[in-house]
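Undergrad:
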Amino acid sequence: MIYQLFKKITLRVLYILVFAVMLFTSCVPRSRLSYVQSEPGTRPYDMQYIGKPADNVIRPGDEIFIRITSADEERTAIMFQDQTRGNIDPTLLSHTVSEDGTIKLPYIGRIKLAELTLEEASDKIEADLSDFLFIPSAYLRFVNTKVSVLGEVRNPGVFVFNYKNINILQAVAYANDITEFGNRRNVLIIREEDGMRRTKQFVDLTSDDILESEWYTLKSDDIIYVEPLGRKKWGMAAVPYNLILSVITTTLVVITYVSN
Numbered sequence: 014m015i016y017q018l019f020k021k022i023t024l025r026v027l028y029i030l031v032f033a034v035m036l037f038t039s040c041v042p043r044s045r046l047s048y049v050q051s052e053p054g055t056r057p058y059d060m061q062y063i064g065k066p067a068d069n070v071i072r073p074g075d076e077i078f079i080r081i082t083s084a085d086e087e088r089t090a091i092m093f094q095d096q097t098r099g100n101i102d103p104t105l106l107s108h109t110v111s112e113d114g115t116i117k118l119p120y121i122g123r124i125k126l127a128e129l130t131l132e133e134a135s136d137k138i139e140a141d142l143s144d145f146l147f148i149p150s151a152y153l154r155f156v157n158t159k160v161s162v163l164g165e166v167r168n169p170g171v172f173v174f175n176y177k178n179i180n181i182l183q184a185v186a187y188a189n190d191i192t193e194f195g196n197r198r199n200v201l202i203i204r205e206e207d208g209m210r211r212t213k214q215f216v217d218l219t220s221d222d223i224l225e226s227e228w229y230t231l232k233s234d235d236i237i238y239v240e241p242l243g244r245k246k247w248g249m250a251a252v253p254y255n256l257i258l259s260v261i262t263t264t265l266v267v268i269t270y271v272s273n
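Throughout the sequence shown, residue numbering follows the working numbering, covering 14 to 273 in sequence.
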């Protein structure tokens, strides 16, 4: 009698353990892993998102690479000799736009480029250099835009780009995507503005509302932090579920066989 009671209790405990292990080892729901999902009942292929145009305007603090060429190659080489030394690393020859919106170039000195697009700034530099060079040409591009991606991503780190605009999904892609234990619904963006004021915002990457958010396009020096899901917080990721489940299943089979 006591043996039968003990056997029933043991079997019930083991069945509960099997259920618990299967519950914890179940996959993360698709809704937590997929990006920019539409609301139920909508047809994503009929939806259009019109956001703000890309910010290609030069602003104080921007890093700009400038390459000058002209029909007078010898004179250009003297004025801009650093550009003629083998392969050019744009990050080493960049100009930082000062707080007053200017940069300093040979011969023409300080020139204000803030609030201009790259094309407008190129035209302005060419016009000012026309007094010194024959048919000058100025090529400009943004460099040293960087964002930091931390937390539950496969490759956290600081990523540097040679263009001004990058969106949050591209930043996540550079970090080799969010792990299965990352909370895509509560991603933190920390932004520094005016060199002092810091703001933060949580965004949901699983909702297509992110496509219209002002936080979709990142700014240089933004920090993205992906927090872990609850099961990672409690250390569930490191538990050897397969081994535990195998042991419990084997024990149930043995008990059932012996009782029969």
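C-beta atoms are modelled at their ideal positions from N, C-alpha and C, and glycine is treated no differently.
On a predicted model such as this, the values are computed, not experimentally measured, just so you know.
1) Does the structure place the segment 150 to 166 close enough to the segment 191 to 199 that three or more beta carbon pairs sit under 8 Å?
2) So what does residue 183 bridge to, in DSSP terms?
3) Look up residue 134 in the DSSP assignment and say whether it is helix, strand or coil.
4) Could you round the C-beta distance between residue 274 and residue 198 to whole angstroms and report it? I think they count as a contact, below 8 Å.
5) Just confirm the distance between the C-beta atoms of residue 69 and residue 130, as a whole number of angstroms; I'd bet it's less than 8 Å.
6) Skipping 5 residues on each side, what residues in its chain have a beta carbon closer than 7 Å to that of residue 157?
7) Beta carbon of residue 213, beta carbon of residue 202: below 8 Å?
8) Where does residue 117 land, buried or exposed, given buried means 16+ other C-beta within 10 angstroms?
9) Considering only DSSP beta bridges, list what residue 123 is partnered with.
10) Could you check what DSSP says for residue 237 in three-state terms: helix, strand or coil?
11) Taking DSSP's pairing of strands, which residues face residue 159 in a bridge?
12) Looking only at its chain, what residues have a beta carbon closer than 8 Å to the beta carbon of residue 97, apart from the 5 residues adjacent to it on each side?
13) Could you spell out where the beta strand (DSSP E) holding residue 214 opens and where it closes?
14) In whole angstroms, what is the alpha-carbon distance linking residue 177 and residue 148?
15) Can you tell me whether residue 140 is buried or exposed, with buried defined as 16 or more other CB within 10 angstroms of its CB?
16) So, residue 236 versus residue 143, is the Cβ gap smaller than 8 Å?
17) When you compare the CB positions of residue 146 and residue 88, do they come within less than 8 Å of one another, or not?
TA: Here's the rundown:
1) Judged by Cβ distances under 8 Å, the segment 191 to 199 makes contact with the segment 150 to 166, as three or more pairs qualify.
2) DSSP, once it has assigned bridges, lists no residue as partnering residue 183.
3) Secondary structure at residue 134: helix, using DSSP grouped into helix, strand and coil.
4) The structure shown does not extend to residue 274, since the chain spans only 14 to 273, so no value can be given for it.
5) About 5 Å separates the beta carbons of residue 69 and residue 130, which is inside the 8 Å limit, making them a contact pair.
6) Once the five neighbours on either side are set aside, the close Cβ partners of residue 157 are 76, 104, 107, 173.
7) Their beta carbons are under 8 Å apart, which means residue 213 touches residue 202 by this criterion.
8) By the neighbour-count definition (other C-beta atoms within 10 Å, threshold 16), residue 117 is an exposed residue.
9) The partner list for residue 123 (beta bridge, DSSP) reads 117.
10) DSSP places residue 237 within a strand segment (E or B) once states are collapsed to three.
11) 173, per the DSSP bridge assignment.
12) Reliability of the predicted coordinates at residue 97 is poor, the pLDDT of 48 falling under 50, and the value obtained from them is presented with this limitation in mind. In chain order, 90 place their CB closer than 8 Å to the CB of residue 97, counting only its own chain and leaving out the 5 sequence neighbours on each side.
13) First-last of the beta strand (DSSP E) with residue 214: 210 to 216.
14) Whole-angstrom Cα-Cα distance: 28 Å.
15) It counts as exposed.
16) No.
17) Yes; because the gap between Cβ atoms is below 8 Å, this pair is in contact.
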